[in-house]
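Undergrad:
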Amino acid sequence: MSALLEVKNLKMHFPVKEGILLRTGAYNKAVDGVSLTINAGETLGLVGESGCGKSTLGRCIIRLYDPTEGEIVFEEINITRMQGKSLLPIRRHIQMIFQDPMESLNSRHTVGDILEEPFIVQNIGKSEWRKKRVRELLDIVGLPARSVSRYPFEFSGGQRQRIGIARSVALNPKLIICDEPVSALDVSIQSQILNLLIDLQKEFNLSYLFIAHDLAVVKHISDRIAIMYLGKIVESGGSQEIYHHPKHPYTRSLISAIPSPDPHNKSKRQVLTGDVPSPINPPSGCSFHPRCPHVQDQCKHNRPELRTTSSASQIIACHFDV
Amino acid sequence: METPEYLLEIKNLIAEFDTDEGRVRAVDDISFGIRPGETLGVVGESGCGKSVTALSVMQLLPQPMGQIAGGQIFYNGRDLSKLHHTEMEKIRGGSIGMVFQEPMTALNPVHTIGKQLAEVVLLHMPVSKQQALALAIKILKRVGIASPEIRMGEYPHQLSGGMRQRVIIAMALVCNPSLLIADEPTTALDVTIQAQILELIKELQQDRGMSVMLITHDLGVIAETCDHVVVMYAGKIVEKGTVFDVFDNPSHPYTRGLLDSIPRLQDENKSRLNTIEGMVPGLMDLPEGCRFENRCPYKQSDCDTASPPAELITSEHEVSCYHWRDLIAATA
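Line by line, the protein sequences give chains A and B.
The opening position of the first sequence corresponds to residue 57 in my numbering, with each subsequent residue numbered one higher.
The opening position of the second sequence corresponds to residue 15 in my numbering, with each subsequent residue numbered one higher.
(1) In the DSSP assignment, find the unbroken alpha helix (DSSP H) run with I164(B) in it and report its ends.
(2) Taking Cβ positions only, does Y207(A) come closer than 8 angstroms to chain B?
(3) With DSSP as the reference, please indicate the residues paired to L326(B) in a beta bridge.
(4) Rounded to the nearest angstrom, what separates V87(A) and H149(A) at their Cα positions?
(5) Cβ of A68(B) within 8 angstroms of Cβ of I211(B)?
(6) Answer with yes or no whether the minimum CB distance from Q248(A) to chain B is below 8 angstroms.
(7) Within the same chain, show all residues whose beta-carbon is closer than 7 angstroms to that of E291(B), passing over the 5 residues directly before and after it, in chain order.
(8) DSSP puts E100(A) in a beta bridge; with which residues?
(9) Are the Cβ atoms of L154(B) and A184(B) separated by less than 8 angstroms?
(10) Report the neighbours of S60(B) on chain A: residues whose CB is nearer than 7 angstroms to its CB, in chain order.
(11) Tell me whether the beta-carbon of E238(B) lies closer than 8 angstroms to the beta-carbon of K322(A).
(12) Does the count of Cβ pairs from the segment 89–99 of chain B and the segment 158–172 of chain B closer than 8 angstroms reach three?
(13) Among residues of its own chain, excluding the 5 on either side of S125(A), which ones have a beta-carbon nearer than 6 angstroms to its beta-carbon?
(14) Should A222(A) be flagged as near chain B, meaning a C-beta pair shorter than 8 angstroms?
(15) Can you pull out the residues from the segment 111–127 of chain A whose beta carbon lies closer than 9 angstroms to at least one beta carbon of chain B?
(16) Do the segment 187–205 of chain B and the segment 110–119 of chain B meet, that is, are 3 or more Cβ pairs less than 8 angstroms apart?
(17) Less than 8 angstroms between the beta carbons of Y207(A) and S142(A), yes or no?
(18) Say whether chain B places a C-beta atom closer than 8 angstroms to the C-beta of P305(A).
(19) Should M152(A) and I281(A) be called a contact, given that it needs their Cβ atoms to be closer than 8 angstroms?
(20) Which first and last residues belong to the beta strand (DSSP E) in which K64(A) is found?
(21) Terminal residues of the continuous alpha helix (DSSP H) containing V205(B)?
(22) Could you tell me which of Q314(B), D32(B), H138(B) and T328(B) sits nearest to L341(B), measuring between CA atoms?
(23) Below 7 angstroms on C-beta distance, what does Q210(B) contact in chain A?
(24) Just to confirm my understanding: we take Y264(A), look at its own chain, exclude 5 residues before and 5 after, and list those with CB closer than 6 angstroms. What are they?
(25) If we ignore side chains and look at the alpha-carbon of each, how far apart do L214(B) and D221(B) end up?
(26) Identify the contact partners of H350(A) in chain B, using a Cβ-Cβ distance below 8 angstroms as the criterion.
(27) Looking at P335(A) and L233(B), is the spacing between their C-beta atoms short of 8 angstroms?
(28) Residue range of the alpha helix (DSSP H) that K155(B) falls in?
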């Protein structure tokens, strides 16, 4: 089976302008050589702390950014350098759900307008058919039909996220990039939205790239997980493997940092020292070495490449088996 | 004078806001206490009144819309709501420190870290400017900021999010408060930084015997750091007790729903999560009876008559639900 999406050695370097002449002094290497694949009907979770490049990667894949280097292959078509109209049929199959539905929904449009727009852009169906389809979409995401004539501000955060989801599934896409879709929501609403995403995936055989910083949420919804640190993937594997047998020191500290909702289990946490370094001037060698509890001399000089481990599907970028 | 059992005791607090659509009650008749050296967690979803409770204690409700419409707030035996504002200014930042959620907005962007820290010290302690600066450096070092002398001369935008939150904590602690009120202190931070900050608050508390009121929506943070918990819903306390009472034996349907709806790392992948159906009622149209009634899976016919009173389950475990016994029996 060939992969639905294949990303090969993708790089996104943003120029950093300096001085009054705004010369490019340095590059922010937000995404620095990432490869991944997503199969049909599968969820790949992408986890990392703020500034690790996970959202940038998502935006490159949907071609909101022009990547600096590398390839994005969707259904065996290379879409990395496609421009303008040629992207239109691709966009029909790749959609996106954003973190903040208040900012990603046009506040001057009614929900009906918002949900009809994808069909207008893609020139699909007649007005009457589109209106009918909008009502179906509302029903799919569990909103009342009367929502059609309302505006986004009249809804709660969870309901707005449902509108965002309805818009993303409108065109029957194959891949949806979910960028922190539940981080802004309360716990009881978060679980409603996660259930909805899981149900939709089953019903429409969707693939998700699920980007989030909360490992517990990502683990719940994903088949496979990739952990990013400073623009690179440091570990990836099946989500059970990653949780039960994390192999990279960064993954281990991420898992140990999650506060457990069980007061009897006040685990001795392994607390990382220091902050995430700047991607403009990343550390030499392994970019995790200044914070790594197992750092050795060679970590400071040699950059570890991704390599396979004792488990065939799990790969890590670390010199050692700690 | 006898020392009271509680360092901070809130009795029947009611906080109200004037809005365009009329007066709303954001906090409705809540009572709880924090003992010296204890950490109390206040947990609830957005709009449940947890931040308004904190602001009421500090007498910082936005004016003129917000006011304390009833009840008392005793701190060391004194009713804070009766204090003159000049006296309150001495307590605020002095013996009660406060940490806010957003570290960028809580710091003044046009003053250096050093100036902002020294200002707090000079306001509350009879020291010279030199001594104030020395104290500021000492506290920055204590909260884990490397080369504090250099950081003193820097501006907030030059620091990372985690460092800014450390500075805010330093500012809250520099006058040796006996109570720290932390409103979502780690929500805007990454997990690894969150772990550092929580660890830091715990250490400092043990050093100084300080009491902490920790407001958060994250049940994991509560379980890891708190001795007691207050669960709030739509302006009311629905359950309170020790962390063990509340997490081992959740007796209000809302607490139970919250605990069941968090995805846990041990769960099977893609299993359906339990949810609490529906939404929190708006403060403008609160139901007459139990406020959780429209979402409650255990609802019975008498739930919408009047607000359920708090009942004791054990000496410290309290729940406001008419049918908590049935709930426990049903799930035993």
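The beta carbon of each residue, even a glycine, is placed where N, CA and C say it ideally should be.
This structure is a prediction, so every number in the text was calculated from the model and none was measured.
TA: Walking through what the data contain:
(1) Taking the second sequence and counting its residues from 1, the one referred to as residue 164(B) is at position 150. Annotation: the continuous alpha helix (DSSP H) that includes I164(B) extends over P162 to M166.
(2) Within the first sequence, residue 207(A) is the residue found at index 151, counting from 1. By this cut-off, Y207(A) is not an interface position.
(3) As a position in the second sequence, residue 326(B) is number 312, starting the count at 1. Partner residues in the beta bridge of L326(B), as assigned by DSSP, are E332(B).
(4) Within the first sequence, the letter at position 31 stands for residue 87(A). Within the first sequence, the letter at position 93 stands for residue 149(A). If I take the Cα positions, the gap works out to 23 angstroms.
(5) On the second sequence, position 54 is the one that residue 68(B) refers to. On the second sequence, position 197 is the one that residue 211(B) refers to. Taking 8 angstroms as the cut-off, the beta carbon of A68(B) is found no closer than this to the beta carbon of I211(B).
(6) Here the question's residue 248(A) lines up with position 192 in the first sequence. Yes, its Cβ sits closer than 8 angstroms to a Cβ of chain B.
(7) Within the second sequence, residue 291(B) is the residue found at index 277, counting from 1. Result list for E291(B): R309, in chain order.
(8) Stepping through the first sequence from its first residue, residue 100(A) is reached at position 44. Reading off the sequence, residue 100(A) comes out as Leu, not Glu. Paired residue(s): L265(A) and R280(A).
(9) Working through the second sequence from its first residue, we reach residue 154(B) at position 140. Working through the second sequence from its first residue, we reach residue 184(B) at position 170. Between L154(B) and A184(B), the C-beta spacing is below 8 angstroms.
(10) The residue you call residue 60(B) lines up with position 46 of the second sequence. The answer, in chain order, is D242.
(11) On the second sequence, position 224 is the one that residue 238(B) refers to. On the first sequence, position 266 is the one that residue 322(A) refers to. It is a contact, given that the beta carbons lie within the stated cut-off.
(12) The answer is no - the segment 158–172 of chain B does not touch the segment 89–99 of chain B, with fewer than three Cβ pairs under 8 angstroms.
(13) Sequence index remark: in the first sequence, residue 125(A) carries index 69 (1-based). The displayed chain sequence assigns Glu, not Ser, to residue 125(A). Listed in chain order, the non-local C-beta contacts of E125(A) below 6 angstroms within the same chain comprise K67, local neighbours out to five positions each way being set aside.
(14) To locate residue 222(A), count along the first sequence from 1; it is residue 166. For A222(A), the answer is no, since every Cβ of chain B falls outside 8 angstroms of its Cβ.
(15) Taking 9 angstroms as the Cβ-Cβ cut-off against chain B, none of the residues of the segment 111–127 of chain A qualify.
(16) Between the segment 187–205 of chain B and the segment 110–119 of chain B, the count of C-beta pairs closer than 8 angstroms reaches three or more; the two stretches touch.
(17) Translated into the one-based positions of the first sequence, residue 207(A) becomes position 151. Translated into the one-based positions of the first sequence, residue 142(A) becomes position 86. With respect to S142(A), Y207(A) sits apart: the two C-beta atoms are not nearer than 8 angstroms.
(18) Looking up residue 305(A) in the first sequence gives position 249. By the rule that beta-carbons nearer than 8 angstroms mark a contact, P305(A) does not touch chain B.
(19) Numbered from its first residue, the first sequence carries residue 152(A) at position 96. Numbered from its first residue, the first sequence carries residue 281(A) at position 225. Contact check for M152(A) against I281(A) fails: the beta carbons are separated by 8 angstroms or more.
(20) Looking up residue 64(A) in the first sequence gives position 8. According to the DSSP assignment, K64(A) belongs to the beta strand (DSSP E) that extends over L61 to E74.
(21) Along the second sequence, read from residue 1 onward, the residue named residue 205(B) stands at position 191. Run containing V205(B): V205 to R222, per the alpha helix (DSSP H) assignment.
(22) Against the second sequence, residue 341(B) aligns to sequence position 327. It is Q314(B) whose Cα lies nearest to the Cα of L341(B).
(23) Position 196 of the second sequence, counted from the first residue, corresponds to residue 210(B). Within chain A, the residues near Q210(B) are V327.
(24) The sequence position of residue 264(A) within the first sequence is 208, counting from 1. Within its own chain, the residues whose Cβ lies closer than 6 angstroms to the Cβ of Y264(A), once the five positions on either side in sequence are excluded, are T99, I232 and C234, listed in chain order.
(25) Position 200 of the second sequence holds residue 214(B). Position 207 of the second sequence holds residue 221(B). Using only the alpha carbons, I get a separation of about 11 angstroms.
(26) By 1-based counting over the first sequence, the position of residue 350(A) is 294. Those do not exist, as H350(A) stays about 16 angstroms from chain B at its closest Cβ, beyond 8 angstroms.
(27) Sequence index remark: in the second sequence, residue 233(B) carries index 219 (1-based). Sequence index remark: in the first sequence, residue 335(A) carries index 279 (1-based). No, they are not a contact pair.
(28) Within the second sequence, residue 155(B) is the residue found at index 141, counting from 1. That run of the alpha helix (DSSP H) goes K143 to R156.
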